[in-house]
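According to the working numbering, numbering within the sequence shown proceeds without interruption in unit steps and concludes at 1003. Structure first, commentary second.
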Amino acid sequence: MAPKAAKKKRAPARRKRTRAAPEKAPPAGECPLTGLPYRRRARRRWEAALEEALERGEAAVFALIDIDEFARHAQELGAERADAVLRGVADRLREALGEAAAANLGRLAGDCYGVVLRGVEVEEALGLLERVRGAVSRAPLRVGRGVRKRQAAVAVSVGVAGLRRDGADLRALLVAAQGALRRAKALGGNRCALAERERMTLKSSYYPGHQLAELKQLARELGVKEAVLLREALDDLFLKYKDR
């Protein structure tokens, strides 16, 4: 008898590799670290909230919230844990502000956040923002993973500007809030500061009478101080000739 042909061994079936689902990218304009509206998107949200408050005759406040000594934290903790600080502060701000107010919370840039509070005068807003400031610094943040876990004692400074009181649009309120924030930092940080109200005397020797009348009328129509309008004009002038 002829020998039987040896049966060929079948190669083991290859297992199909399953690809991991790609991570969902954050919506355009959303901060990937904090989930907050970021830069332009945040500005648009603040502008809309302020415009609506003006139309409805509501009081409103714009505040800048900046992490104190964030550069030192970043140097000591490293980039990954510094990012965790930004997330942790954003979470505490959301919680302390409450759902309604946190809807107008955004990240401006770096370690600076902003928020529009509607339906409150500056005095009431200062009380609320003091509680928010205290909530951020109430206990150290736990950042990092496993053996790299660390604690970071974080505090924030807050600059506060009132709608109509310090300006009638986001641009004017940003300038006022930035000035207040610088003062809070200069006083040692971990505090709230209100924008200072300016007094400005216009002299007819510097400005013709018709310009003073037009300036006064424009300030009345916009609901802002003459000083705010002149400061904006000077800012534009400096930008125009800056590189010359």
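Where is the CB? At the ideal position from N, CA and C, for every residue including glycine.
Simplified DSSP state of residue i, which is helix, strand or coil
| i | result |
| --- | --- |
| residue 936 | helix |
| residue 903 | coil |
| residue 736 | The chain is shown from 760 up to 1003; residue 736 falls before or after that span and cannot be answered. |
| residue 994 | helix |
| residue 866 | strand |
| residue 798 | coil |
| residue 807 | helix |
| residue 782 | Reliability of the predicted coordinates at residue 782 is poor, the pLDDT of 44 falling under 50, and no value is obtained from them. |
| residue 847 | helix |
| residue 823 | strand |
| residue 813 | helix |
| residue 874 | strand |
| residue 913 | coil |
| residue 920 | strand |
Closer than 8 Å to chain E by CB, residue i
| i | result |
| --- | --- |
| residue 977 | In the structure shown, chain E cannot be found, because there is only a single protein chain. |
C-beta atoms of residue i and residue j nearer than 8 Å
| i | j | result |
| --- | --- | --- |
| residue 919 | residue 894 | no |
| residue 913 | residue 823 | no |
| residue 809 | residue 922 | yes |
| residue 846 | residue 793 | yes |
| residue 903 | residue 897 | no |
| residue 946 | residue 881 | no |
| residue 988 | residue 977 | yes |
| residue 940 | residue 802 | no |
| residue 933 | residue 891 | no |
| residue 879 | residue 818 | yes |
| residue 827 | residue 915 | yes |
| residue 877 | residue 812 | yes |
| residue 844 | residue 943 | no |
| residue 816 | residue 800 | no |
Reference residue i; option with closest CA among the options
| i | options | result |
| --- | --- | --- |
| residue 887 | 896, 860, 796 and 901 | 860 |
| residue 866 | 985, 980 and 805 | 805 |
| residue 981 | 950, 931, 956 and 946 | 931 |
| residue 858 | 874, 802, 835 and 816 | 874 |
| residue 956 | 827, 984, 948 and 996 | 984 |
| residue 986 | 944, 942, 927 and 811 | 927 |
| residue 864 | 798, 995, 978 and 996 | 798 |
| residue 850 | 815, 790 and 876 | 790 |
| residue 924 | 969, 820, 942 and 949 | 820 |
| residue 870 | 843, 829 and 816 | 829 |
| residue 950 | 885, 868, 1000 and 969 | 885 |
| residue 868 | 825, 807 and 833 | 825 |
Start-to-end residues for the beta strand (DSSP E) that takes in residue i
| i | result |
| --- | --- |
| residue 895 | No beta strand (DSSP E) holds residue 895; the alpha helix (DSSP H) holding it covers 881-896. |
| residue 953 | 951-953 |
Extent of the continuous alpha helix (DSSP H) run through residue i
| i | result |
| --- | --- |
| residue 859 | 858-861 |
| residue 836 | 829-836 |
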